[in-house]
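Peer 1: I have a structure here, written as structure tokens, and I will follow up with some questions on it.
Numbering (the working numbering), first residue to last: -13 to 106.
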């Protein structure tokens, strides 16, 4: 199953971070799929974007297993290729759940409106 789900309903783009077994922690695949979904949301018909996480967490941040992997992309490449393009996007509404660290916070920082809910 895809680690990011995307659908459009009326004028709203809905993005779901979909790695609940890893508390929606970001890996390369998820970051690139999120970039693709955000690019689709640049369509003038989409008036806002709602981002949520599947399961009990919005996002636990970067998947540290990927960072620690000696054959992995390394933190610098992750920041430049995965997260810088996400920072440029600035029109979403995010829904935050209990666990929300580094990358999850990054998504909150670029949002105009953030709604936090308790899932505990």
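Heads up, the beta-carbon is just placed ideally off N, CA and C, and yes, glycines get one too. These numbers come from a predicted model, not from an experiment.
If you draw a straight line from the C-alpha of residue 32 to the C-alpha of residue 57, how long is it?
Peer 2: Annotation: residue 32 to residue 57 spans about 39 angstroms, alpha carbon to alpha carbon.
Peer 1: Mind checking whether residue -2 and residue -10 have CB atoms under 8 angstroms apart?
Peer 2: no
Peer 1: Between the C-alpha atoms of residue 3 and residue 14, what's the straight-line distance to the nearest angstrom?
Peer 2: 13 angstroms
Peer 1: Measure the alpha-carbon distance for residue 88 versus residue 12 and round it to whole angstroms.
Peer 2: Summary for residue 88: the model assigns pLDDT 46, below 50, so the residue's position carries little reliability; its value from the coordinates is reported in the next sentence. Each residue's Cα considered, the two are about 10 angstroms apart.
Peer 1: Roughly how many angstroms lie between the CA atoms of residue 26 and residue 55, to the nearest whole one?
Peer 2: Spanning the two alpha carbons is a distance of roughly 31 angstroms.
Peer 1: Three-state secondary structure (DSSP) at residue 3?
Peer 2: Strand, per DSSP.
Peer 1: Which word fits residue 52, buried or exposed, when buried means at least 16 other C-beta atoms lie within 10 angstroms of its C-beta?
Peer 2: buried
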